[in-house]
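Engineer: With this note's numbering applied, the sequence shown closes on residue 272, and no number is skipped along the way.
The beta carbon of each residue, even a glycine, is placed where N, CA and C say it ideally should be.
Submitted below is the structure of interest, expressed as structure tokens.
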Amino acid sequence: MQNILKTTGKVMLFACLSLVLLTGCSQKSKLKIAIEVANKQCPISMGTAGEISSISFDGKDVVYNLTMNEDYLNLETLEKNPESMKSAVSAMFQNPKGEIKQMLDMVIGAKSGIKFIYKGDNTGKEVECYLNTDDLKGILNQDMSAEESDQQKLEQLVNVTNISCPLHVDEATVLDKLTIEGDDVVYNYTIDEEGVDMATLESNKEQMKQSIKSSLNRNDPSLKTFLETCAKNNKSLIYRYIGKTSGKKVECVFTASEVKRL
Numbered sequence: 011m012q013n014i015l016k017t018t019g020k021v022m023l024f025a026c027l028s029l030v031l032l033t034g035c036s037q038k039s040k041l042k043i044a045i046e047v048a049n050k051q052c053p054i055s056m057g058t059a060g061e062i063s064s065i066s067f068d069g070k071d072v073v074y075n076l077t078m079n080e081d082y083l084n085l086e087t088l089e090k091n092p093e094s095m096k097s098a099v100s101a102m103f104q105n106p107k108g109e110i111k112q113m114l115d116m117v118i119g120a121k122s123g124i125k126f127i128y129k130g131d132n133t134g135k136e137v138e139c140y141l142n143t144d145d146l147k148g149i150l151n152q153d154m155s156a157e158e159s160d161q162q163k164l165e166q167l168v169n170v171t172n173i174s175c176p177l178h179v180d181e182a183t184v185l186d187k188l189t190i191e192g193d194d195v196v197y198n199y200t201i202d203e204e205g206v207d208m209a210t211l212e213s214n215k216e217q218m219k220q221s222i223k224s225s226l227n228r229n230d231p232s233l234k235t236f237l238e239t240c241a242k243n244n245k246s247l248i249y250r251y252i253g254k255t256s257g258k259k260v261e262c263v264f265t266a267s268e269v270k271r272l
């Protein structure tokens, strides 16, 4: 989400600055024109998570239409947890700097809100998250340190991931939950031992780690956001695999310094 805000914030800022000369326009007229400029940059990739398909102004609010990869986001479950979704989006806006703050100031100045419409790429199901003017003012007026903001962002990213769990990664692997355990962020997987032998996983743990590392595509905006948030909180990243029958555990660990290098 933070990468969504950075990207669209820069696009909207360019549009907003160009509107300074339009002194005869109302705040809403300026915002409408700025949104039209921003929309020309769409679709904007969010990596494997999906894309921003369009940005519009409906006369009252800024509307982000997002097409989401339903392999990574369970919209049915998200719809049942509206407050968790709103908290996660709000956390991404906290302590805004530069382009994002100026974008929010302009939206607030027009007495508008921001609506996110998430649409599933397979089912077409839509789920909405709405921040009104007062919500945005409250976010900007929060007195929170950078450390507190980073911690809350991590907690919300974990919460949003868990809304979609359990996730079936493949025929033998299920992601049960993502947890914060002290200085670690942990992916908790259950392994179907009829398909995968835990002893084999243990003996190939280093190869597994390298495979995981190779899969961490730092060009993916959503993954980059997650890794950056873990790094800012000085967290290690652990992939924990537990045998469904035996309960045997195999862990691949990326230390905090390794996460920062990622």
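Nearest CA to the CA of residue 142: which residue from 166, 115, 132 and 135?
Structural biologist: On the sequence shown, position 132 is the one that residue 142 refers to. Closest by alpha carbon: 115.
Engineer: What's the C-alpha gap between residue 31 and residue 148?
Structural biologist: Taking the first residue of the sequence shown as 1, we reach residue 31 at position 21. Taking the first residue of the sequence shown as 1, we reach residue 148 at position 138. Only weak support is given to the placement of residue 31: the predicted model assigns it a pLDDT of 40, under 50, and the value that follows is read from those uncertain coordinates. Using only the alpha carbons, I get a separation of about 29 Å.
Engineer: Pull up the CB-CB distance for residue 85 and residue 140, whole angstroms please, since I reckon it's below 8 Å.
Structural biologist: Mapped onto the sequence shown, residue 85 falls at position 75. Mapped onto the sequence shown, residue 140 falls at position 130. Going by Cβ atoms, the distance from residue 85 to residue 140 rounds to 16 Å, so no, they are not a contact pair.
Engineer: In the DSSP assignment, find the alpha helix (DSSP H) that holds residue 179 and state where it starts and stops.
Structural biologist: The count along the sequence shown starts at 1 and reaches residue 179 at position 169. Taken as a continuous stretch (DSSP letters only), residue 179 belongs to no alpha helix (DSSP H), as it is neither H nor E.
Engineer: Residue 39 lies in the alpha helix (DSSP H); which residues open and close that run?
Structural biologist: Along the sequence shown, one-based indexing puts residue 39 at 29. Residue 39 -> alpha helix (DSSP H) spans 37-49.
Engineer: With distances taken Cα to Cα, identify the nearest neighbour of residue 117 among 254, 73 and 181.
Structural biologist: If you number the sequence shown from 1, residue 117 lands on position 107. The residue with the shortest Cα to Cα distance from residue 117 is 73.
Engineer: For a quick check, are the C-beta atoms of residue 60 and residue 230 less than 7 Å apart?
Structural biologist: As a working mapping, residue 60 is identified with position 50 in the sequence shown. As a working mapping, residue 230 is identified with position 220 in the sequence shown. No, the pair does not count as a contact, with Cβ atoms beyond the cut-off.
Engineer: Distance check for residue 103 and residue 110, CA to CA, integer angstroms please.
Structural biologist: Taking the first residue of the sequence shown as position 1, residue 110 is located at position 100. Taking the first residue of the sequence shown as position 1, residue 103 is located at position 93. Those two C-alpha atoms are separated by around 8 Å.
Engineer: Exposed or buried, what is residue 101 when buried is set at 16 or more other beta-carbons lying within 10 Å of its beta-carbon?
Structural biologist: By 1-based counting over the sequence shown, the position of residue 101 is 91. The residue in question, residue 101, is buried, as its Cβ has 16 or more Cβ neighbours within 10 Å.
Engineer: Give me the Cα-Cα distance between residue 126 and residue 137, rounded to the nearest whole angstrom.
Structural biologist: Reading the sequence shown from its first residue, position 116 is the one you call residue 126. Reading the sequence shown from its first residue, position 127 is the one you call residue 137. If I take the Cα positions, the gap works out to 8 Å.
Engineer: With respect to the alpha helix (DSSP H) encompassing residue 170, which residues constitute its N-terminal and C-terminal limits?
Structural biologist: Locating residue 170 in the sequence shown gives position 160, counting from the first residue. Looking at the DSSP string, the run of the alpha helix (DSSP H) that includes residue 170 is 156-173.
Engineer: Tell me the rounded alpha-carbon separation between residue 53 and residue 62.
Structural biologist: In the sequence shown, residue 53 corresponds to position 43, counting from 1. In the sequence shown, residue 62 corresponds to position 52, counting from 1. Answer to the nearest angstrom: the Cα atoms are 5 Å apart.
Engineer: Would you tell me roughly how many angstroms separate the C-alpha atoms of residue 181 and residue 75, rounded to the nearest one?
Structural biologist: Indexing the sequence shown from 1 puts residue 181 at position 171. Indexing the sequence shown from 1 puts residue 75 at position 65. Between residue 181 and residue 75, the C-alpha separation is close to 32 Å.
Engineer: Is residue 252 near residue 259, with beta carbons less than 7 Å apart?
Structural biologist: Taking the first residue of the sequence shown as position 1, residue 252 is located at position 242. Taking the first residue of the sequence shown as position 1, residue 259 is located at position 249. For residue 252 and residue 259, yes; Cβs fall inside 7 Å.
Engineer: Kindly identify the DSSP beta-bridge partner or partners of residue 191.
Structural biologist: The residue labelled residue 191 in the question sits at position 181 within the sequence shown. Bridge partners of residue 191: 194.
Engineer: So residue 136 is in the beta strand (DSSP E); what residue range does that whole segment cover?
Structural biologist: Your numbering for residue 136 matches position 126 in the sequence shown. Looking at the DSSP string, the run of the beta strand (DSSP E) that includes residue 136 is 136-141.
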